[in-house]
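Counting in the working numbering, the sequence shown runs from 1258 upward without gaps. Backbone N, C-alpha and C define an ideal beta-carbon position, used for all residues, glycine too. Remember, predicted model here, so these are calculated numbers, not experimental data. See structure below.
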Amino acid sequence: MWPESFAHSTRIFDFGTIFMHDKTIAELAAGLKNKEFSSLELTQALLARIRQHNPQLNCFITVTEEQALEQARAADAAIARGAAGALTGVPIAQKDIFCTKGVKTSCGSKMLDNFIAPYDATVVERFNQAGAVMLGKLNMDEFAMGSSNETSYYGPVKNPWDTETVPGGSSGGSAASVAARLVPGATGTDTGGSIRQPASFCGITGLKPTYGLVSRWGMIAFASSLDQGGPMARTAEDCALMLQVMAGFDDKDSTSVDRPVPDYSASLNDSLEGLRIGLPKEFFDEGLDSDIARLIDDAVAEYRRLGANVKEISLPNMKLSVPAYYVVAPAECSSNLARYDGVRFGYRCKEPKDLHDLYTRSRGEGFGAEVKRRILIGTYVLSAGYYDAYYLKAQKVRRLISEDFKRAFREVDVIIGPTSPSVAFRFGEKSADPIAMYLSDIYTIAVNLAGLPGMSVPVGFSKGLPVGMQIIGDYFSEARLLNVAHRYQQATDWHRRSPAAFA
């Protein structure tokens, strides 16, 4: 049975056009440019898929259907007059952490369930200027705090490969929507692995850029020195197209880095002959699933065939990344979330007795359990008498971790290892044990503490679920990372696999 959007069309569709949802961003952009289909037709087809599959997956918090159709018509007009850019008419979706003018921005929390942003985040504005079509806002762990998408006020997102398993977090809605072919690309944010880990669990490609490359203005803060927005799509080529739009200096963001933005697509096909790959021995310890270790070995063997040289390296302080992160991040979280007090915006308790009651009940009722846990930890480590013992020491460890990476990049060009120590786990498996949940990000957190770029690409399956490989680069080496990932994807087809139930 055809989707409703096709039923009213008089256009004759060929086989490839009917399955537009299975095309990559690059393929869709080429099809729009060649007028094989219109942005309106593409948008209608994807909206139909969202109506069909989102009730099962819970990827979207808000679907912006009317706005999407209006943007698609405007894109078709731009294409017709020859004023189209690389992403004009291509539909994407935004993680619900990015402010969108006139559209609810909830951050997955009851606290912001009634918040309508009065402005667009810089990332959203840049996609709008590029002519992209926004299909809606994607589900996420509350205030980006979580590794499984189980902490969302709107309920958990399901992994399309197995709906009994988590999609990862906090960008689980973004990863699952791309994997299920509801959208060709989505934005995510990464504070300790929240782009890369869900990309691994859902079998897609996700890139966490260098800290400061993508503007954080209008991106609701969790931990300001760690948060970074980035692209999530099926391929490295698609991530390059999205990053081209997202990257660049923003004078509204004091942490934005003022440097030229290269053409991220220009070097995708460069040879890997002589590339120096480092394998950290700390990534391949007893905590790593043996199937995942084997798949990473297979991927490294493919790089050897492509001309790369491989050597073992050491990141001795990586074992300290999880405890350091869970001091630094909660400390910044407790500061950033102090603004949600029931007074200016967001959730307010009913009939408060006095100001103290207003603050206490608004925050107690508006925040979920994981957010409260991190606020309390952060407040404790910043308190008098504990600041030096915990927060200051964690910042010193952070510097040691950064120095480890600096030494490594004198010897190698990129670092490769697993993205996560396991495949996607079942709902409820780790929610009662916060430490076990936090350890699922053990291979990703150090990258955020150092401010480096990292990405995850699919390299196979274990127990029927996707496995991701992490590629880490030196500061502002996104073009090289995308090249390394793209050449691997040219030689393999893991990124082309899709969940059978959502084909």
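- When the Cα atoms are used, Met1402 and Ile1692 turn out to be separated by approximately 13 Å.
- Counting along the chain, Arg1308 sits inside no beta strand (DSSP E); it lies in the alpha helix (DSSP H) bounded by residues Ser1296 to Leu1314.
- Under DSSP, Gly1717 forms a beta bridge with Val1724.
- Each residue's CA atom was taken as its position, placing Ala1480 and Arg1631 some 11 Å apart.
- Judged by beta-carbon spacing, Ser1677 lies beyond the 8 Å limit of Leu1639, meaning their Cβ atoms are not closer than that value.
- Within its own chain, the residues whose Cβ lies closer than 7 Å to the Cβ of Ala1588, once the five positions on either side in sequence are excluded, are Gly1635, Val1638, Leu1639 and Tyr1648, listed in chain order.
- Shortest Cα-Cα distance from Thr1321 to any of Gly1359, Ala1334, Leu1285 and Glu1735 involves Gly1359.
- The continuous beta strand (DSSP E) containing Pro1348 extends over residues Pro1348 to Lys1352.
- Shown here, Thr1636 sits in a helix according to DSSP, grouped into three states.
- Going by beta carbons, Thr1300 and Val1390 fall inside the 8 Å limit.
- Counting along the chain, Asn1396 sits inside no alpha helix (DSSP H), nor does DSSP assign it H or E at all.
- Boundaries of the alpha helix (DSSP H) harbouring Pro1580: Ser1578 to Asn1593, taken from the DSSP string.
- Between Asp1510 and Trp1474, the beta carbon gap of about 4 Å places them in contact (Cβ cut-off 8 Å).
- Taken atom to atom, the span from the alpha-carbon of Leu1344 to that of Ile1336 is near 11 Å.
- Taking 8 Å as the upper bound for CB-CB distance, Leu1572 and Glu1543 are not in contact here, some 17 Å apart.
- Listed in chain order, the non-local C-beta contacts of Ser1451 below 7 Å within the same chain comprise Ala1401, Gly1426, Ser1427, Ser1428 and Gly1445, local neighbours out to five positions each way being set aside.
- Collapsing the DSSP output to three states places Phe1317 in a strand.
- Taking a contact as a CB-CB distance under 8 Å, the pair Val1669 and Ile1553 does not count as one, their CB atoms being some 16 Å apart.
- Residue pairing by DSSP puts Gly1674 in a beta bridge opposite Gln1727.
- Within the model, the alpha-carbon separation for Gly1388 versus Tyr1604 is close to 34 Å.
- Excluding its 5 nearest sequence neighbours in each direction, Lys1290 has C-beta neighbours in its own chain below 8 Å: Ile1336 and Ala1341, listed in chain order.
- By the neighbour-count definition (other C-beta atoms within 10 Å, threshold 16), Lys1610 is an exposed residue.
- According to DSSP, residue pairing for Leu1706 in a beta bridge does not occur.
- Sequence-distant partners of Lys1607 (beyond 5 residues in either direction) whose C-beta falls short of 8 Å from its own C-beta are missing from its chain.
- Across the structure, Ala1302 and Gly1623 are spaced so that their CA atoms are roughly 36 Å apart.
- Secondary structure of Val1567 (DSSP, three-state): strand.
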